Each structure stands twice: as C-alpha cells, then as structure tokens.
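**Q**
Residue numbers (the numbering used here): 219 to 935.
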C-alpha cells in the first residue's frame, strides 16, 4: 500500500479512488511527491505515458487543498498549444471535483476567454512561453501571479536546446520577481542523455534540486523492418501494415507527409494527416479520429511525438529512420500502452536506411540518448529582451536597461561589454534613439517589429516565412512556405491531403487565397528549419555495428543479407575511433574518403575547412558518415588530405571563423539588429557548434588507408 496515498487530502484521495480507481500511487508519483514536498526543483525523467503529469499535479493539488491557497498557485508551461488543449481535460478530471479551477491561456483561446474576474484567478494556469510573455505585459493580470508557488514545464527537452528555452529561463526568473520568492520548478521529460546537466539548467543553482529517473518497465517490443527500393512497393507494405488498425505513420518532413497522404488516399480507410502547417481544425479532426471504434491512420511529423494523448495504438510506422534516438523513443512510446506490446514497423528505401534504423534501436536498447546542450551565445533573445524592456517603459536609462537585462542568470555570462556593444550598434542603426540619457525605440525598430502593436516582440520564433492559405469564405486551410509561394512554379498545391489552386496572393498580409482543385498534379515544400541528418550518437553506433559485423537485433534472412550488403561497402579498416582517410583510384581519378561517423553537422564544417585548405579545383562533399574529396590532384592526394586534417586539428576558433560563411541574419528573428561581429560569434557557437567540433577533431587520431572496393554512398541516405 502506498505510504503517500493515505496522507493525501481526503477530497484528492476520493478523486483518485472513485474516478480513476487508484488505491496507491505509481513509483514515479511517490518519488516525485517526496522530492517536491521538500521545496526542491525537480526534473522527472520517465517513459511516455508513465504518469509524469499526475506526478507533478498531485503534490501541487495536495498543497493547495491542505493549505487553502487562493489565486494562481501553479503555472503549467507547454511547448505546444495542442498539448495544453489535450492536458486541459486531464487537469480538469482531477481538479473540478475538488473545486480547484483550471484555465488555459494561449493564442487559440478567444480573447474574451483569456481574462478572469477580479479576485477569481484560476488555481492552475496552462500557457505557452509566448503567451506568458504577453500575460506579463498586462499589469492587472500579471499581478495575480504573486501567489504562484510551482511552475510545471512539460516536455522540457523540447525547450533546452532552442532559443525558446532561453526565453523560458527569462520568464521563469521574472515570475520569481513578481512573487518575491524562488518559485519551485518541475521539469517533465521522457528523454535526456545528460539529466543532471538539464536539471542544473532548469534550477540555476537557486536552491536544492532533485532528479527523479524512472526506467522503462520490461516490455515486449516488436520490430518489423521492410526494405523496398520502389515507392509502389513501400506503399503496398504500408497498406498491409495499417489496414484496419489504429496507426501513427511518422515521416520526417511536412512535404513527405503531404506526398504520402496523396499516394495513399483511397487505399487506407479513415486516413488523416497531422503536421505543424495545417489548420487547427484539420489537426483536431486527425486527433479525434482515434475515438472511432474502427481503424484509423494518421500520417504525421514530429507534431505527434509529444504528449498529446491519442489513445491506444496498434502500431507505430516509421517511414524512413528518424534523425535521433530521442525522437524514436518519443514515437515508440506511443505504442505498447496499457499492457500491450510496443510494435514499430519500419518502411525503408535502401540498405543504408536499414543500417541507421538498427543503430537507433540499438542505442535505445543501451539507453544511450542524445545530450541536450543549451545555446551558448543567446544574443537573439538578449535583443528581444532589450526591445521589450524599452517598449514597456517607453523611456529607459541605459544604466537601468543594463541592470535589468543582465540580472537574468541566462545572460549574466555575456557581460557588460557585449551589452554595451549591442546598445551602441542599436542606436547607430536607429533601432534605438536617445533623449539625453534616456533610450527609446527608434524608427527602424518600429518599421521591423512595430506592426500589430509590437506583437512581434513577444516571441523569439520567426513567423514571417509563411503565408496563410485561406478559402474565399475565410476558412484557414493551413500555412505555406514563403519561398514556395514566391517561386510561382506551381499554382496547384497539396495541403491537408487535398489539392488546391492558388488564385490570389496578398503579400502585404501574407495571405494566399486557395480554392479546391481536381488536378492530379500538385507540389509543395517547406524550408527546413534544421540541417537534418543523423545525430552523432546514431552515427557512432553505425560504426560499432560495422566493427562487429552485424546487429544484435534478431533479423530475418532477407534483412540480414541487406545489412551484409551495406556493411561490405565500408572498408574494414575504418572500424576504430578516429578520422580514417581512404584513398581509392578509379576511372575518374583519385578519390579520397574521410570516414568520420560524426554526423552531417560535423562533416559540413569539416567540408568548409577542407575546401579552403585544399583550394584549386578540389571538390568536397559530405554526408553523415564520410567527407569525399575529388579532383584534388593525381598523386599523393591521401597524404595531402592527411596533412590538411592535421592543420585543421591545430586551428583555433578565430582561424576557423574567418573561413566559415556567416549565415543570413534572417535565420534568427532579431539578429538583423546585431553588430556583424556578434552575428559571426553567435553563428560560430550556436549554428556551426565550432566548440564541439574542435573538441572532437582535436581528440581523435587521423589514419591513412589505401583500399579498393565499394563504400557507403551519399545517395543512399
């Protein structure tokens, strides 16, 4: 019998026993309760559907009920509005019978529903970081946050590595100031390779912090691997797997989701699509499809990785491998609930995809997950906070602005010198203007960020790269990439599984008017937000599988033969750690391949440096596993590449920075207002990740091999 269950407030016990038929708490809930009642900040790492939400909610409810707390006592922060909508029902199931109130507050909630009467704020406020920023601008409502004692951050891993995470840290600190106490922070996540570091990031060393880690219980897992080079055969396999079942079909991009939806239409019953560029109504329809007793299938991207509850699943289908172990664990966690076996079917195009899929599963078996690394030079968010501070005060002294911004722990390491450099540049570029000692927003800030009552300042997410697709009647269909719309290469588009004709484009308001089309020819694309490619963890496991000559997973004879085929293309000498330089002479001359097994981000940076050092007509290409050098001469090319690699190992950050092209400032929302030298600095640390590159490249040996044979090809990824 649970030692904690019997100590809970009587009305909370009744809810748990009568509505949920609980007589005790799970391990994750017991341990989280014990950690939270000490006042510690807590990071809870537990499997998907493992009871994390309840683990954080129960101690907060118990405290409110026992102590009669009033007002907003707990803020629940989520990375997705859809997750808030989904969790709202769960929170209400617990809270309403105990007379505790719950309210969601985000952009999809009608403005009239985003207020509360004087003296009647909710006990639980469910919100996104961007909406919390808006709320903090409203003095009357934000003053009702003075009673907050706990902040729950769901899916914490979705924040840590992004600028939204930096923004979140600022918001958490500002809530501390409103309450005049160190508000308890509770982070929830299903995955993190470095949980102690993530806990330190969450807590900021303010007071005691505790980690609650719950391993996945032993569970039977079934994997099916299907490798088919022809698209029609892959579609046939998909139809066979999902027919009559409740299935999620994960793909790795919105464009692939739309294409797969188009070619599968009419062959799969109750077929739906779900991705970030679809309208709220379309996504809601997809989510509700699983309430049907019949089979339902949703083709989706990472939007259904996170904790939105879509109920029991029969199968998760992965079309092509995901790029990380973390993503795979989130997706697999959708299956195998309520006593069922987890079942993941992989539909793959070529042997290399099979090899990478096996590497991902083997990492998961070993409980190896990618580390989460926060941004090191968050200048973009620093700019946002500069603009917000000046906007909120209308006029602000330089001294007060400096004290306000640098008081946030997340910016403290940037220092006074950096801030002075930015403010001086903002004044010179008319983003700020001066009146004696006072600073005010300038004409350039108003031109770039002042539309819609400065709404652009509330979020660090860039939103200017998309057009809303709307029917003539005003129904929102979804969002289209601006580059696609402006390319004018096609007037027929696929969106939400339907074909539309673009009939009018309003560039001033970023709107495209669309009407239904019967055309069979259509296209669409979205500009990718990331570089893609597999994580270094996955790539290193590929090396291990090659070194041992096979996978530890039980495979059918056909899959084993496919795996042997791809492993045979990798030279035997590249199994050890390091950079392996393999020289091969073929019909097109001498070609050198550097086997790194370090991922595309590492190899992309190495490619830039090799091109610069080799010069001349040398061509350098890369994928996740190798960097290929061609047309660099006729003799001694391998040794020349070795010498260049040794030069690179001895290069410093400044030398590398001169060589790398600076990304467009448009990649960051506020970076156009940065001094060029700081834009370069930010790109080196948080775009190219040069520090991590140098740590790897300086620590590994460089070896030379001259071998014939086929190798792992770039076009097979």
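Beta carbons: idealized from backbone N, C-alpha and C, even for Gly.
Since the structure is predicted, the reported quantities are computational estimates derived from the model, not experimental observations.
Give me the residue from 803, 806, 845 and 808 with the minimum Cα distance to residue 822.
**A** The shortest C-alpha separation from residue 822 is found at 845.
**Q** DSSP on residue 322, reduced to helix/strand/coil?
**A** Residue 322: strand per DSSP, three-state reduction.
**Q** CB residue 497 to CB residue 518, shorter than 9 Å?
**A** Not a contact, by the Cβ cut-off of 9 Å.
**Q** Using the Cβ count rule (16 or more neighbours within 10 Å means buried), how would you classify residue 778?
**A** So residue 778 ends up on the exposed side.
**Q** For residue 912, write down the residues that DSSP places opposite it in a beta bridge.
**A** Partner(s): none; residue 912 has no beta bridge.
**Q** Expressed to the nearest angstrom, what Euclidean distance is found between the alpha-carbon atoms of residue 486 and residue 529?
**A** In a straight line, the C-alpha of residue 486 is about 20 Å away from that of residue 529.
**Q** Give, in chain order, every unbroken run of the alpha helix (DSSP H) that is at least 4 residues long and sits entirely within the stretch 522-557.
**A** Counting whole runs of 4 or more residues, the stretch 522-557 contains the alpha helix (DSSP H) stretches 543-550.
**Q** Using 8 Å as the cut-off, can you tell me whether the stretch 563-573 makes contact with the stretch 534-544, which would need three or more C-beta pairs spanning the two stretches below that distance?
**A** The stretch 563-573 vs the stretch 534-544: in contact.
**Q** Express the C-alpha separation of residue 409 and residue 360 in angstroms, rounding to a whole number.
**A** Distance between the alpha carbons of residue 360 and residue 409 is about 32 Å.
**Q** For residue 233, which residues from the same chain have a beta carbon less than 7 Å from its beta carbon, with the 5 sequence-adjacent residues on both sides left out?
**A** These residues qualify, in order along the chain: 312, 315 and 316.
**Q** Is residue 590 near residue 415, with beta carbons less than 9 Å apart?
**A** The answer is yes: Cβ separation under 9 Å.
**Q** Just the C-alpha distance for residue 659 and residue 607, rounded to the nearest angstrom, thanks.
**A** Approximately 10 Å between the Cα atoms of the pair.
**Q** The beta strand (DSSP E) that contains residue 804, what's its start and end?
**A** Element bounds for residue 804: 797-804.
**Q** Give me the Cα-Cα distance between residue 664 and residue 648, rounded to the nearest whole angstrom.
**A** Residue 664 and residue 648: Cα-Cα distance of roughly 10 Å.
**Q** Going straight from the alpha carbon of residue 668 to that of residue 676, what length do you get?
**A** Each residue's alpha carbon lies about 11 Å from the other.
**Q** Can residue 407 and residue 543 be called in contact, C-beta distance under 9 Å?
**A** No.
**Q** Taking its Cβ as the centre, do 16 or more other Cβ atoms sit within 10 Å of residue 553, making it buried, or is it exposed?
**A** It counts as buried.
**Q** Would you call the stretch 617-627 and the stretch 875-885 touching, i.e. three or more CB-CB distances under 8 Å?
**A** Touching, no, given that fewer than three Cβ pairs across the two stretches are closer than 8 Å.
**Q** What are the boundary residues of the beta strand (DSSP E) that includes residue 687?
**A** Residues 684-688.
**Q** Let me know the secondary structure DSSP gives residue 734 once reduced to three states.
**A** In the structure shown, residue 734 sits in a strand (DSSP, three-state: E or B).
**Q** With a cut-off of 8 Å on the beta carbons, I'd call residue 326 and residue 284 a contact; round off their distance for me.
**A** Not quite, the Cβ-Cβ distance comes to about 34 Å (not below 8 Å), so this is no contact.
**Q** Helix, strand or coil: which one does DSSP assign to residue 439?
**A** Strand at residue 439.
**Q** Could you check the C-alpha separation between residue 705 and residue 762 for me, to the nearest Å?
**A** If I take the Cα positions, the gap works out to 44 Å.
**Q** Does residue 672 come out as helix, strand or coil in the three-state DSSP assignment?
**A** Three-state result, residue 672: helix.
**Q** Based on the DSSP output, what are the partners of residue 517 in its beta bridges?
**A** 467 and 491, per the DSSP bridge assignment.
**Q** Would you be able to state if there are at least three C-beta pairs under 8 Å between the stretch 597-606 and the stretch 379-390?
**A** Judged by Cβ distances under 8 Å, the stretch 379-390 makes contact with the stretch 597-606, as three or more pairs qualify.
**Q** By the 10 Å Cβ neighbour count, where 16 or more other Cβ atoms means buried, how is residue 635 classified, buried or exposed?
**A** Burial call: exposed.
**Q** Assuming residue 388 contacts residue 369 (C-beta within less than 8 Å), just tell me the rounded distance between them.
**A** Incorrect: roughly 13 Å between the Cβ atoms, too far for contact.
**Q** Which residue comes first and which comes last in the beta strand (DSSP E) that contains residue 564?
**A** Run containing residue 564: 560-566, per the beta strand (DSSP E) assignment.
**Q** At which residues does the beta strand (DSSP E) containing residue 764 begin and terminate?
**A** Note, residue 764: premise wrong, no beta strand (DSSP E); alpha helix (DSSP H) at 754-766.
**Q** With 16 other CB atoms within 10 Å as the buried threshold, where does residue 697 fall?
**A** Buried.
**Q** Output the distance between the C-alpha atoms of residue 427 and residue 349, rounded to the nearest integer angstrom.
**A** Taking the straight line joining both Cα atoms gives about 27 Å.
**Q** In the DSSP assignment, what residue or residues form a beta bridge with residue 403?
**A** In DSSP, residue 403 forms a bridge with 369.
**Q** Beta-carbon within less than 6 Å of residue 813's beta-carbon, same chain only, minus the 5 sequence neighbours each way: which residues are those?
**A** Once the five neighbours on either side are set aside, the close Cβ partners of residue 813 are 792, 798 and 844.
**Q** Find the nearest neighbour of residue 759 within the set 448, 662 and 580, judged by alpha-carbon distance.
**A** Among 448, 662 and 580, the Cα nearest to that of residue 759 belongs to 580.
**Q** Per DSSP, residue 857 is paired with what?
**A** Paired residues: none, contrary to the question.
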